[in-house]
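Undergrad: Take a look at the following structure, please.
Structure below.
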């Protein structure tokens, strides 16, 4: 079971306030200390567009991670990759992204899907030449807020192209929480056939409360790689008040309760989420933060 | 697929303020209008203990429900049943309850499980003599906050006794959200073997975010009866801030998205939840209230 923590990028990016670099570094190190072995640290985006991540270079330089952690950086374009490569020794993986639906891709990055694929091709080639591992994430893979249904065939064709362009892992994002368990199960069964040798990752949002039900369906279809965010941070909650990413601690709790090993210390992960809560000065919304882990260590009944 | 709406009892009971009878009646009628065909209307409890439901008789007398609705009343004991029977024509079903774990039952109703079973036996006999349908709910069926693990064998033995005492339906309550999908699947498969001819109902809480994942697991094990609460009301949220019952609108949304027919109009159910929100004067927390239903009615991509 592999879990990529995306909170330091996806979460911090969506906060109204800019966290100090030292706070980010502390939180990332707490996540590593909790046993997270895949962490998306930041993104090299234009600081005028996303001031929350303007300190990407400083975060990479300051953070100290054990060798067990695969650190990744979200790369919006070739220029972002060049900036990141100035700190090549600080990360092992890049994440590139596009949307499966034309209108979402257009509104998100101002390009057609074909243009995004061409750009990702160049980015991935450069990254592979630098011996970086490459993940590609396809947003709106289970539905688009502007276009509605997105055909699985279309998503898988894009995924196949991404694999040809060098992606070793492909994440499928349920960007606005439209997926249901039946759809998820059917999709990943088809994806496994279409993409042999590619690591398939599920990135669910809990927008409509089905996040962990979709995780269960994905597990049942053989998926063993997930993305989530500590404290339930981020995930572009739209409309305001809606839930975004599934919370890492809720995911880990369910997996552990099901007897699935993750190598993550749930107590320490919760400590990291509590530290984020304190740093942000507002209550975070994950279920485990409110309820705490299940406590079975009591004398059994009857 | 059968869904029992428990908000008017479980939800209103757990509100700090007492809702006016007319408001309760309006909300119940909205739920019926949305197509809910099983509604727990109130409970005949001691008004000094639960003042929120002191108007049980007035609610029963005032509410106007279509013949398609099976109205039920939660009955804490034989005395409560006698009070309810003064309004016999106003409901078709009673719900009796106990806990699977001794300490939870003791703290909840001040009786041993054996004493509760004896009382339920008398209550059910009287109810059956009045041609009332009988549901029994077993709380802490998947774990107890005081005792930890509760053996499925113990829960099923209690369930068998309840069936012998006249329960036609048995609900299994995950009172503090300790259940996980693997546990749920195994439990209901065993329950179906142990309790032939008894309707088996799942009553999940979303305390740790696994509510709908547990619904999915139960569905896969053949369960087709669920209890939930509109607006995510009630469910004894402990500690404060934790989530209780799964929200009816979140449940219905997932079922509909999976192509499972419920006969419920999700838009009207959301209207009822919004009306409850307005009546209570605070934002309710269901996911659908924030995010709205999935909208697939847009031009498809590619």
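Chains as they are written, first to last, in my numbering: chain A, 1058 to 1359; chain B, 1058 to 1359.
The C-beta atom is built at its ideal place from N, Cα and C for all residues, glycine as well.
(1) Over the uninterrupted alpha helix (DSSP H) stretch that includes residue 1115/B, give me the two end residues.
(2) From the DSSP output, which residues share a beta bridge with residue 1304/B?
(3) Pull up the distance between the alpha-carbon of residue 1103/B and that of residue 1130/B, whole angstroms please.
(4) Mind reading off the beta-carbon distance from residue 1286/B to residue 1067/B? Whole number of angstroms is fine, and I expect it under 8 Å.
(5) Following the continuous alpha helix (DSSP H) through residue 1241/A, name the residue where it begins and the one where it ends.
(6) If we call anything under 8 Å between Cβ atoms a contact, is residue 1120/B one with residue 1082/B?
(7) So what does residue 1151/B bridge to, in DSSP terms?
(8) When the distance is taken between beta carbons, is residue 1307/A closer than 8 Å to residue 1265/B?
(9) Please name the residues in the segment 1267-1282 of chain A whose beta-carbon is closer than 8 Å to at least one beta-carbon of chain B, in chain order.
(10) Between which two residues does the beta strand (DSSP E) carrying residue 1059/A extend?
(11) I'd like to know if residue 1113/B contacts chain A, where contact means its C-beta is closer than 8 Å to some C-beta of that chain.
(12) Would you verify that the beta carbon of residue 1318/B is, or is not, closer than 8 Å to some beta carbon of chain A?
(13) Pick helix, strand or coil for residue 1215/B, following the three-state DSSP scheme.
(14) Kindly indicate if chain C contains any beta-carbon less than 8 Å away from that of residue 1315/A.
(15) If I measure Cβ to Cβ from residue 1147/A and keep anything under 6 Å in the same chain, skipping five residues before and after, which residues do I get?
(16) Distance cutoff 8 Å, beta carbons only. Does residue 1344/B sit that close to anything in chain A?
(17) Using the C-alpha atoms, what's the distance from residue 1128/A back to residue 1359/A?
(18) Report yes if the CB atom of residue 1185/B is closer than 8 Å to the CB atom of residue 1194/B, and no otherwise.
(19) Compare the C-beta of residue 1165/B with all C-beta atoms of chain A and state if any pair is closer than 8 Å.
(20) Within the same chain, show all residues whose beta-carbon is closer than 8 Å to that of residue 1108/A, passing over the 5 residues directly before and after it, in chain order.
(21) Can you tell me the Cβ-Cβ gap for residue 1268/B and residue 1303/B, rounded? I've got them flagged as a contact below 8 Å.
(22) Residue 1256/B lies in the beta strand (DSSP E); which residues open and close that run?
(23) Taking just the CA atoms, how far does residue 1242/A sit from residue 1206/A?
(24) What are the start and end residues of the alpha helix (DSSP H) that includes residue 1204/B?
(25) Under 8 Å, Cβ to Cβ, is there at least one residue of chain A near residue 1067/B?
(26) Residues of the segment 1323-1341 of chain A in Cβ contact with chain B at a cutoff of 9 Å, in chain order, please.
(27) Let me confirm a value: residue 1231/A is counted as buried when at least 16 other C-beta atoms fall within 10 Å, else exposed. Which label applies?
(28) In chain order, what residues of the same chain have a beta carbon less than 8 Å from the beta carbon of residue 1249/B, not counting five sequence neighbours either side?
TA: Put simply:
(1) By one-based count along the second chain, residue 1115/B stands at place 58. 1113-1119 is the extent of the alpha helix (DSSP H) around residue 1115/B.
(2) Translated into positions along the second chain, residue 1304/B becomes position 247. DSSP lists 1286/B as partners of residue 1304/B.
(3) Translated into the one-based positions of the second chain, residue 1103/B becomes position 46. Translated into the one-based positions of the second chain, residue 1130/B becomes position 73. About 14 Å.
(4) Mapped onto the second chain, residue 1286/B falls at position 229. Mapped onto the second chain, residue 1067/B falls at position 10. Between residue 1067/B and residue 1286/B the Cβ distance is about 6 Å, and since that is below 8 Å, they are a contact.
(5) The residue labelled residue 1241/A in the question sits at position 184 within the first chain. Taken as a continuous stretch (DSSP letters only), the alpha helix (DSSP H) holding residue 1241/A covers 1238-1251.
(6) Position 63 of the second chain, counting from 1, holds the residue named residue 1120/B. Position 25 of the second chain, counting from 1, holds the residue named residue 1082/B. Cβ distance < 8 Å, so residue 1120/B and residue 1082/B count as in contact.
(7) As a first step, residue 1151/B must be located in the second chain, where it is residue number 94. Looking at the DSSP assignment, residue 1151/B forms a beta bridge with 1130/B, 1191/B.
(8) Along the second chain, one-based indexing puts residue 1265/B at 208. Along the first chain, one-based indexing puts residue 1307/A at 250. Contact flag set, yes.
(9) 1267, 1268, 1269, 1270, 1272, 1273, 1274
(10) The residue labelled residue 1059/A in the question sits at position 2 within the first chain. Per DSSP, residue 1059/A belongs to the beta strand (DSSP E) from 1059-1062.
(11) Residue numbering aside, residue 1113/B sits at position 56 when the second chain is read from its first letter. No - not a single Cβ of chain A is within 8 Å of the one on residue 1113/B.
(12) Looking up residue 1318/B in the second chain gives position 261. Not one chain A Cβ lies under 8 Å of residue 1318/B.
(13) Within the second chain, residue 1215/B is the residue found at index 158, counting from 1. Helix, per DSSP.
(14) Checking the listed chains, one finds no chain C in this structure; the protein chains it contains are A and B.
(15) In the first chain, counting from the first residue as 1, residue 1147/A sits at position 90. Result list for residue 1147/A: 1117, in chain order.
(16) As a working mapping, residue 1344/B is identified with position 287 in the second chain. Yes, contact with chain A.
(17) Start at 1 with the first residue of the first chain, and residue 1359/A comes out as number 302. Start at 1 with the first residue of the first chain, and residue 1128/A comes out as number 71. A caution first: residue 1359/A carries a pLDDT of 47, below 50, which makes its placement in the model too unreliable to give a value.
(18) Numbered from 1 along the second chain, position 128 holds the residue referred to as residue 1185/B. Numbered from 1 along the second chain, position 137 holds the residue referred to as residue 1194/B. No; because the gap between Cβ atoms is not below 8 Å, this pair is not in contact.
(19) For the purposes of this step, residue 1165/B is taken as residue 108 along the second chain, with counting starting at 1. Chain A contact via Cβ: absent.
(20) Counting from one through the first chain, the residue named residue 1108/A turns up at place 51. Answer for residue 1108/A: 1075, listed in chain order.
(21) On the second chain, position 211 is the one that residue 1268/B refers to. On the second chain, position 246 is the one that residue 1303/B refers to. Yes, they are in contact, since the Cβ atoms of residue 1268/B and residue 1303/B sit about 4 Å apart, within 8 Å.
(22) Position 199 of the second chain, counted from the start, is the residue given in the question as residue 1256/B. Where residue 1256/B is concerned, the enclosing beta strand (DSSP E) stretches over 1256-1260.
(23) Position 149 of the first chain, counted from the first residue, corresponds to residue 1206/A. Position 185 of the first chain, counted from the first residue, corresponds to residue 1242/A. Residue 1206/A and residue 1242/A: Cα-Cα distance of roughly 16 Å.
(24) Position 147 of the second chain holds residue 1204/B. Neither: residue 1204/B is in no alpha helix (DSSP H) and is coded neither H nor E.
(25) Looking up residue 1067/B in the second chain gives position 10. No, residue 1067/B does not count as interfacial toward chain A.
(26) 1340
(27) Numbered from 1 along the first chain, position 174 holds the residue referred to as residue 1231/A. With 16 or more other Cβ atoms within 10 Å, it is buried.
(28) In the second chain, the residue the question calls residue 1249/B occupies position 192. So the qualifying residues of the chain are 1257, 1278, 1279.
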